[in-house]
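Here the sequence shown is numbered in our numbering, starting from 550 and rising by one per residue.
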Amino acid sequence: MLCNAMRCHGAILSECGILHCDILTNNILVVQPESGRVRGMLIDFNCAVDMEVSEGEAQTEMMGTPPFMSMLNLEDSSVKRTALDDWESLLYMICWLSTYGINEHTRRKEANSKLKKLKIRGWHYGAFDEIASDKRNHLNTRQAFETNILASFNPALKHRRLLARLASKLRWTLVEREELDCKGSLKRPEEDESSSDLELYGSSDDDSGGGNKDRIDPFEWRIEHCERISAELLGVLE
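Structure follows, in structure tokens:
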């Protein structure tokens with residue numbers, strides 16, 4: 550189902566130059582045509598932008614629903630939006646549904662006091678920069694992602710482990726790439742914690758001297774490789 554929706558997403562982007570910009574739970578429908586095969590359908594292009602507008606404001610405009618917005622979107626970054634922002638939104642959607650439940654039968658039954666302790670709750674409440682900071686910290690390393698997000702997936706879900714593996718693979722493909730050769734690619738270095746600059750940087754493992762020469766902006770880097778990474782992400786779903 551998700552594969553159908555994201556394959557459609559890619560086709561519309563490549564053929565029409567339109568980026569959806571609002572991947573969330575209500576915008577992917579489960580449909581069953583007369584053939585009887587269940588498929589996913591991507592709907593609601595109200596937030597979509599024309600990517601063929603050269604260096605236009607539409608490519609960096611804030612839009613979407615906070616729990617599912619990409620980090621660049623939440624931080625109103627000047628870095629150009631790409632299909633990978635929508636793939637990031639899909640990852641958040643999978644984590645959200647896997648935590649709170651996909652339908653009435655799998656909805657969590659715990660008391661509100663326990664639900665309020667879930668780390669993923671921070672993706673919904675607070676200022677946009679605070680939500681982005683939570684996401685950056687939660688996705689920063691595999692351990693952080695497993696501890697803060699995957700460990701809280703709803704025990705009532707039959708395919709909980711499968712969903713956790715899917716989310717983990719999508720996260721790795723998006724933010725922990727071997728080509729970057731960096732740990733914690735989404736978390737700002739210690740010296741930048743008080744900075745008002747919200748651009749996201751990593752530092753390579755070899756940067757032992759504390760200098761900035763090996764620092765990497767993974768979001769700038771992935772723009773040039775967007776098509777290849779998108780294909781890899783689709784392969785994860787397939």
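Cβ coordinates follow ideal geometry from the N, Cα and C atoms, glycine included.
From this set, C552, G559, M550 and H654, which residue's C-alpha is nearest C775's C-alpha? Cα-wise, what sits closest to C775 is G559.
Neighbour-count burial assignment, D599, 16 or more Cβ in a 10 Å radius: Residue environment analysis places D599 among the exposed positions, since fewer than 16 neighbouring C-beta atoms fall within 10 angstroms of its C-beta.
At which residues does the alpha helix (DSSP H) containing R714 begin and terminate? Under the DSSP assignment, R714 falls in the alpha helix (DSSP H) whose first and last residues are R709 to V724.
Spatial neighbours of R670 within its chain, please: CB distance less than 8 Å, with the 5 preceding and 5 following residues excluded, ordered by chain position. Excluding five sequence positions before and after R670, the CB atoms of its chain that fall closer than 8 Å to its own CB belong to L664, given in chain order.
Tell me the DSSP bridge mates of V580? BP columns for V580 point to R588.
Quick one: residues in its chain with C-beta nearer than 7 Å to the C-beta of R556, no 5 flanking neighbours on either side, listed in chain order? Counting only Cβ-Cβ distances below 7 Å, and skipping sequence neighbours, we find L783.
Once DSSP output is grouped into helix, strand and coil, what is the label at V785? In this structure, V785 counts as helix in the three-state DSSP scheme.
Rounded to whole angstroms, what's the CA-CA distance from D625 to N697? Just pull it up for me. Taking the straight line from one Cα to the other gives about 25 Å.
Per the contact definition of three or more C-beta pairs closer than 8 Å, is the segment 625-636 in contact with the segment 649-661? Taking one beta carbon from each stretch, the segment 649-661 and the segment 625-636 have fewer than 3 pairs nearer than 8 Å; the two do not touch.
Just to confirm the assignment, what range does the alpha helix (DSSP H) spanning T696 have? Counting along the chain, the alpha helix (DSSP H) containing T696 begins and ends at R691 to N697.
State the Cα-Cα distance for the pair S717 and M642, rounded to the nearest angstrom. Spanning the two alpha carbons is a distance of roughly 13 Å.
Under the DSSP definition of a beta bridge, which residues are partnered with D599? Residue pairing for D599: DSSP places it in a beta bridge opposite I567.
For the alpha helix (DSSP H) that contains T648, what are its first and last residues? Looking at the DSSP string, the run of the alpha helix (DSSP H) that includes T648 is A632 to Y649.
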